[in-house]
Amino acid sequence: MTAAIVVEGLEVVFDRFRALKGVSLEVREGESYGLVGESGSGKSTLLRAITGLAPVSSGTITVNGKRLGKSRDRAFYREVQMVFQDPYGSLHPRQTVDRLLQEPLAIHGFADGERRIERALDEVGLGKGFRFRYAHQLSGGQRQRVAIARALILEPSILLLDEPTSALDASVQAEVLNLLEEVRRRRKLTFLMVSHDLAIITHMCERLMVMQNGEAVETLTASQLIGHRVDADYTRNLLRASEGFVRA
Amino acid sequence: MSALLDVEDLRVTFPTRTGLIEAVRGVSFSLGRERLGIVGESGSGKSQTGRAIMGLTPPQARISANKLTFDGIDLLGVSSRQRRALRGNRIAMILQDPKYSLDPVMSIGRQIVETLRTHETVTKAEARERALAMLEAVQIRDPKRVFDLHPHEVSGGMGQRAMIAMMLIAGPEMLIADEPTSALDVTVQLDVLDILDKLVSERGMGLIFISHDLRLVSSFCDRVVVMYAGKVVEQLKASELRHAQHPYTRGLLNCMPRIGFERHPLPVLERKPEWSA
Chain A
128 MTAAIVVEGL EVVFDRFRAL KGVSLEVREG ESYGLVGESG SGKSTLLRAI TGLAPVSSGT
188 ITVNGKRLGK SRDRAFYREV QMVFQDPYGS LHPRQTVDRL LQEPLAIHGF ADGERRIERA
248 LDEVGLGKGF RFRYAHQLSG GQRQRVAIAR ALILEPSILL LDEPTSALDA SVQAEVLNLL
308 EEVRRRRKLT FLMVSHDLAI ITHMCERLMV MQNGEAVETL TASQLIGHRV DADYTRNLLR
368 ASEGFVRA
Chain B
635 MSALLDVEDL RVTFPTRTGL IEAVRGVSFS LGRERLGIVG ESGSGKSQTG RAIMGLTPPQ
695 ARISANKLTF DGIDLLGVSS RQRRALRGNR IAMILQDPKY SLDPVMSIGR QIVETLRTHE
755 TVTKAEARER ALAMLEAVQI RDPKRVFDLH PHEVSGGMGQ RAMIAMMLIA GPEMLIADEP
815 TSALDVTVQL DVLDILDKLV SERGMGLIFI SHDLRLVSSF CDRVVVMYAG KVVEQLKASE
875 LRHAQHPYTR GLLNCMPRIG FERHPLPVLE RKPEWSA
């Protein structure tokens, strides 16, 4: 199996702060890979560095066998799309769903926009009735569905997911996670997913990397994590914390 | 156990351009010197219930209740002046995000001292001593340094500890914590809960813990009130959560992914109109 994403010795520096300190990882084609860690661990920065939203100071990123340079070309964004954490912040408040979905199509010069928009909305379970609504007329879960539709409309092979459900209620979270799993299965997508919630990562991903302070702590398979076969104390702490409060 | 707080048929209504919106629709429960969790999703009215008890409902909203008493005092009947004397002194509230709930232009120490001196006549030196002691009680290692820091100079966990210190310094009998740990990292979350737990049980306070996280609440509280669409759908002991009757409670418990339980797809919650009837 070939690798979809290979990251080697990646460093990201903001002013003097080293957000990523030489992180390496390999995501196989068709795999769902998780990044777990607390705030400031660099997990989101890693995703942003891949899409070109964070300044890379050293290290290499290779996507589908192509080494990325300083800028990303259009072909890259056809292959790699991202879904952000906050559906309230990532959709333009003054554009209709239709307009939001048309933008990527216009940028990439797709002709059959009409059909694609209908299909994308259908795929995320929204239907045509949502096409001419504004973001503020939708619930949080519906907005995240629109964001997923926008990511899927270019038919990418890799989806970067940055805490896609942490702003949603638990019941809506379940619906969105199910939707993501379904589109991954149907389209054979590769996921690179960030979350602070170990339960979500073990549910969605086959392998994962635990991060802390801009460094990789360890790489595990989901079943290793479920079986508590972990080496690092930090991972053990995270596992304990995810079981809820225990009175001393 | 004599009730510290009695709530009977509490209603909070907001006038909007399109008519009246009832955020809280007839909520009843009582609180002793215990830890009570109020759980619900966004829009369930859990926060508005807490705010109504605290007296922080926006002025345009209407509140009614058959009974809303704290230690025998009718909270809806007293003057706003008396209400203000209760607030912060005998009833305190911790909010979700210390970034927004602390005053950004005042040092942490001064904010704590301000709370204390509003409710008690103490000298400046004594207030400072007590504030430092309180910062130590919330396990801040270097209280003297933190005392002079401003909120933006501390981490989220530290800010929330400072908030707890500020709320507990006047020795309240009842504490309302509205999502006190949702903005914090999981490991910090447990530290903060630990501190809260110790202080509440040491001081014999009544605690209302408002949260969207049913599992967290049930591991922390003695009793849980589950709210849906402005109403209480179920009240039960936290230890008996597994035997919850209402389909909403069960659905909420079920739909969360759990480590070691493989369920694909996750069960989703089927909302029934009769739940909110």
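If you're matching them up, the sequences are chains A and B in order.
Under our numbering, the first residue of the first sequence carries the number 128, and numbering increases by one thereafter.
Under our numbering, the first residue of the second sequence carries the number 635, and numbering increases by one thereafter.
Just so you know, even glycine gets a beta-carbon here, dropped at the ideal spot from N, CA and C.
Interface annotation for the region 281-300 of chain A against chain B: D296, A297, S298, criterion Cβ-Cβ distance under 7 Å. Interface flag for B:P814 against chain A is unset, since no Cβ pair is found closer than 8 Å. Contact check for B:P732 against B:Q794 passes: the beta carbons are separated by less than 8 Å. Here the alpha carbon of A:A247 sits roughly 10 Å from the alpha carbon of A:E282.
Following the DSSP letters along the chain, one finds A:A131 inside the beta strand (DSSP E) bounded by residues 130-141. According to the DSSP assignment, B:K733 belongs to the alpha helix (DSSP H) that extends over 732-735.
Within the same chain, and ignoring the five residues on either side of A:G268 in sequence, the residues whose Cβ sits closer than 7 Å to its Cβ are L295, V299, E302, V303. One thing to note: B:M800 has its Cβ within 8 Å of the Cβ of B:T749.
Assignment of A:Q351 by DSSP, reduced to helix, strand and coil, places it in the helix class. Identification of chain B residues near A:G371 by a Cβ-Cβ cut-off of 7 Å yields R849, L850, S853, ordered along the chain. For B:T650, the uninterrupted beta strand (DSSP E) segment begins and ends at 639-650. With the criterion set as a beta carbon lying under 9 Å from some beta carbon of chain A, the region 739-759 of chain B has no members that meet it. Where A:L325 is concerned, the enclosing alpha helix (DSSP H) starts and stops at 325-331. The C-beta distance from A:M338 to A:I328 rounds to 12 Å, too long to fall under 8 Å, and the pair is not in contact. Put simply, the CB of A:R374 is near chain B, with a gap under 8 Å to one of its CB atoms. According to the DSSP secondary-structure assignment, A:A343 is paired through a beta bridge with A:M338.
Ranked by how close their Cα comes to the Cα of B:D812, the residues B:A686, B:G653, B:D643 have B:A686 in first place. Interface residue (Cβ-Cβ distance to chain B less than 8 Å): A:N305 is classified as such.
In this chain, the alpha helix (DSSP H) harbouring B:M800 covers 790-802. B:R905 has its alpha-carbon roughly 46 Å from the corresponding atom of A:L137. In the displayed model, A:V190 falls within a strand according to three-state DSSP.
Excluding its 5 nearest sequence neighbours in each direction, A:D358 has C-beta neighbours in its own chain below 6 Å: E345, listed in chain order. By the Cβ rule, the region 698-714 of chain B does not count as touching the region 828-837 of chain B, because fewer than three pairs are nearer than 8 Å. By the criterion of at least three beta-carbon pairs nearer than 8 Å, the region 286-293 of chain A is not in contact with the region 878-885 of chain B. Of B:V641, B:L736, B:I810, B:M861, the smallest CA-CA separation from B:M688 is found for B:I810. Under DSSP, A:L147 takes part in a beta bridge, and its partners are A:V139. B:D847 sits buried, since 16 or more C-beta atoms from the chains shown fall within 10 Å of its C-beta.
In terms of beta-carbon proximity, B:G838 stays away from the interface with chain A, with every pair separated by 8 Å or more. For B:L654, the enclosing beta strand (DSSP E) has its first and last residue at 653-665.
B:I844 counts as buried, since at least 16 other C-beta atoms from the protein chains shown sit within 10 angstroms of its C-beta.
One alpha carbon belongs to A:L180, the other to A:V140, and they sit about 12 Å apart. When the Cα atoms are used, B:T815 and B:P649 turn out to be separated by approximately 31 Å.
Proximity of chain B to A:A368 at the Cβ level (cut-off 8 Å) is accounted for by V820, T821, Q823, L824, in chain order. Taking A:R363 as the centre and dropping the five residues before and after it, the same chain places the C-beta of V357 closer than 7 Å to its C-beta, in chain order. Under DSSP, A:D289 takes part in a beta bridge, and its partners are A:V321. Excluding five sequence positions before and after B:R659, the CB atoms of its chain that fall closer than 8 Å to its own CB belong to R645, G679, A863, G864, K865, given in chain order.
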